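Student:
This is the structure in structure tokens:
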């Protein structure tokens, strides 16, 4: 299978398939046609077939998709069949919110350590995980087989911290700082730019109503 | 100007232009060519020109873009020249993180009210904003000219709350609940599905390394 050619647009849709299949599974649904799935998800049946064909299809003519099987297969594709070890950098409100989100752990994303530059926080615990000084970052990453770093720090420190993470051989950064990180090509960054998202909402709602008023 | 035809892909890129122009402005840069902007932003100069042409261009041959002017114009396009009144529904960690994020207020997104279904929280304040019972939602929205509702509640209650918001004539929902909301066409929803984002990162980092190892 050639994964390299799959566009980020397709990949962005995979977690949504996974979510809907999980719900179907929980409801006891055993199989579903692309037409039925299409109605539920508000995308075309042909897009569903095309998207899933990138990974080998999974569907059978006249039968549709086996929900449980497809759910498990998409989980594998998304890397959810392995445990991921995360560290959080920045123990503020947003960081704490992420730590307290049970959903991640259920999917195999386990927070192992928390780092902050504020000495007052050292030794305090959030969900039984100790907050540590940044100086311990490098040794902690090695010792605990960390593969994902979550950045919930202000933009001014994000660039320096990202450089440090690259030195520590981290290959995946989930970045909540409102800045684009320049990292080597072999380091994956997924940005959550909350301000950008809010501005897009602002644009869409303003425009819709301007047009409506015309 | 025909705003309706502009794709969501272009609109998703606007806040990023806005961010880079803001940084240039703060650095005292007065003008910039699409080539220079292209290098900074790691997108092609032709994409920059195409994107901005949707809104009337703004650039001049041989001069480039006037940073301050373009910054102000994009702000207007994004609806940042007006004040937006927000309510937060769900006073948990994530909700608190959003309330404490100064950046939103600086851009004109003002939180006016907080709602939660937990009676123990009623009357408590976050950043001087009182937490209120859901029963007051409808009257509060009318009285305070609320245009954006932020949902930081679990998925099980999100659908019902969204229906209530639609009844209250809310036209924009910033949804952090891990579920797709079915709302009428004239209601804009912008989703922040954190689990989906983390799964995408997991996919990209797993794939990259699988390919690397081949």
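Chains as they are written, first to last, in the numbering used here: chain A, 1070 to 1283; chain B, 1070 to 1283. We treat Cβ as the ideally placed atom computed from N, Cα and C, and that holds for glycine. Remember, it's a predicted structure, so these values are computed and weren't measured experimentally.
#1: Taking its Cβ as the centre, do 16 or more other Cβ atoms sit within 10 Å of residue 1197/A, making it buried, or is it exposed?
#2: So with Cβ pairs under 8 Å, would you call residue 1268/A a contact of chain B?
#3: Which residues of chain A have a Cβ atom closer than 8 Å to the Cβ of residue 1259/B, listed in chain order?
#4: Using a Cβ-Cβ cutoff of 7 Å, what residues of the stretch 1105-1117 of chain B are near chain A? List them in chain order.
#5: Who are the Cβ neighbours of residue 1079/B in its own chain at under 7 Å, not counting the five residues just before and after it?
#6: Could you confirm whether any beta carbon from chain A is found closer than 8 Å to the beta carbon of residue 1212/B?
#7: Rounded to whole angstroms, what is the Cα-Cα separation between residue 1161/A and residue 1104/A?
#8: Taking the alpha carbon of residue 1158/A as the reference point, which residue from 1136/A, 1107/A, 1101/A and 1228/A has its own alpha carbon closest?
#9: Return the CA-CA distance between residue 1269/A and residue 1182/A, expressed in angstroms with no decimal places.
#10: What residues of chain B sit near residue 1139/A, judged by a beta carbon separation below 7 Å?
#11: Can the beta-carbon of residue 1098/B be found less than 8 Å from the beta-carbon of residue 1141/B?
#12: The beta strand (DSSP E) spanning residue 1241/B covers which residue range?
#13: List, in order along the chain, the chain A residues whose C-beta lies closer than 9 Å to that of residue 1217/B?
#14: Is there a C-beta anywhere in chain A that falls below 8 Å from the one on residue 1176/B?
#15: Could you confirm whether any beta carbon from chain A is found closer than 8 Å to the beta carbon of residue 1241/B?
#16: Please look up how many angstroms separate the CB atoms of residue 1258/B and residue 1242/B, rounded, as I've assumed it's under 8 Å.
#17: Among 1252/B, 1101/B and 1217/B, which residue has its Cα nearest to the Cα of residue 1179/B?
#18: Who are residue 1219/B's beta bridge partners in DSSP?
#19: Within this structure, are the beta carbons of residue 1235/A and residue 1219/A separated by less than 8 Å?
#20: So, residue 1155/A versus residue 1184/A, is the Cβ gap smaller than 8 Å?
#21: Whole alpha helix (DSSP H) runs in the stretch 1095-1142 of chain B with 4 or more residues, listed along the chain?
#22: Does the CB of residue 1171/B have a neighbour CB from chain A at under 8 Å?
Tutor: Based on what the coordinates show:
#1: The sequence position of residue 1197/A within the first chain is 128, counting from 1. Exposed: under 16 other Cβ atoms inside 10 Å.
#2: Residue 1268/A sits at position 199 when you count from the first residue of the first chain. By this cut-off, residue 1268/A is an interface position.
#3: What you label residue 1259/B is simply residue 190 of the second chain in a count that begins at 1. Here the neighbours are 1266, 1267, 1269, 1270 and 1273.
#4: none
#5: Start at 1 with the first residue of the second chain, and residue 1079/B comes out as number 10. Excluding residues within five positions, the ones whose Cβ falls inside 7 Å are 1120 and 1123.
#6: As a working note, residue 1212/B is residue 143 in the second chain. Chain A, which has no Cβ nearer than 8 Å to the Cβ of residue 1212/B, makes this no.
#7: Locating residue 1161/A in the first chain gives position 92, where the first residue counts as 1. Locating residue 1104/A in the first chain gives position 35, where the first residue counts as 1. Roughly 44 Å between the two C-alpha positions.
#8: In the first chain, residue 1158/A corresponds to position 89, counting from 1. Selected option, being the one with the closest Cα: 1228/A.
#9: On the first chain, position 200 is the one that residue 1269/A refers to. On the first chain, position 113 is the one that residue 1182/A refers to. Straight-line Cα distance between these residues: approximately 33 Å.
#10: Within the first chain, residue 1139/A is the residue found at index 70, counting from 1. What residue 1139/A touches in chain B: nothing, since even the nearest Cβ is about 15 Å away.
#11: Position 29 of the second chain, counted from the first residue, corresponds to residue 1098/B. Position 72 of the second chain, counted from the first residue, corresponds to residue 1141/B. Their beta carbons are not under 8 Å apart, which means residue 1098/B does not touch residue 1141/B by this criterion.
#12: As a first step, residue 1241/B is located in the second chain; it is residue number 172 there, counting from the start. Here the beta strand (DSSP E) through residue 1241/B covers 1241-1244.
#13: Looking up residue 1217/B in the second chain gives position 148. Neighbours of residue 1217/B on chain A, chain order: 1267, 1270, 1271 and 1274.
#14: The residue you call residue 1176/B lines up with position 107 of the second chain. Closer than 8 Å to some Cβ of chain A, the Cβ of residue 1176/B qualifies, so yes.
#15: What you label residue 1241/B is simply residue 172 of the second chain in a count that begins at 1. Residue 1241/B counts as touching chain A.
#16: Stepping through the second chain from its first residue, residue 1258/B is reached at position 189. Stepping through the second chain from its first residue, residue 1242/B is reached at position 173. Rounded, the Cβ-Cβ distance is 5 Å, consistent with contact.
#17: Taking the first residue of the second chain as 1, we reach residue 1179/B at position 110. Ranking the options by Cα distance to residue 1179/B, first place goes to 1217/B.
#18: Here residue 1219/B corresponds to residue number 150 of the second chain, with the count starting at 1. Residue 1219/B pairs with 1157/B and 1243/B.
#19: Here residue 1235/A is taken as the residue at index 166 of the first chain, counted from 1. Here residue 1219/A is taken as the residue at index 150 of the first chain, counted from 1. It is not a contact, given that the beta carbons lie outside the stated cut-off.
#20: As a first step, residue 1155/A is located in the first chain; it is residue number 86 there, counting from the start. As a first step, residue 1184/A is located in the first chain; it is residue number 115 there, counting from the start. Contact flag unset, no.
#21: 1103-1110 and 1114-1122
#22: Position 102 of the second chain, counted from the first residue, corresponds to residue 1171/B. So, not an interface residue.
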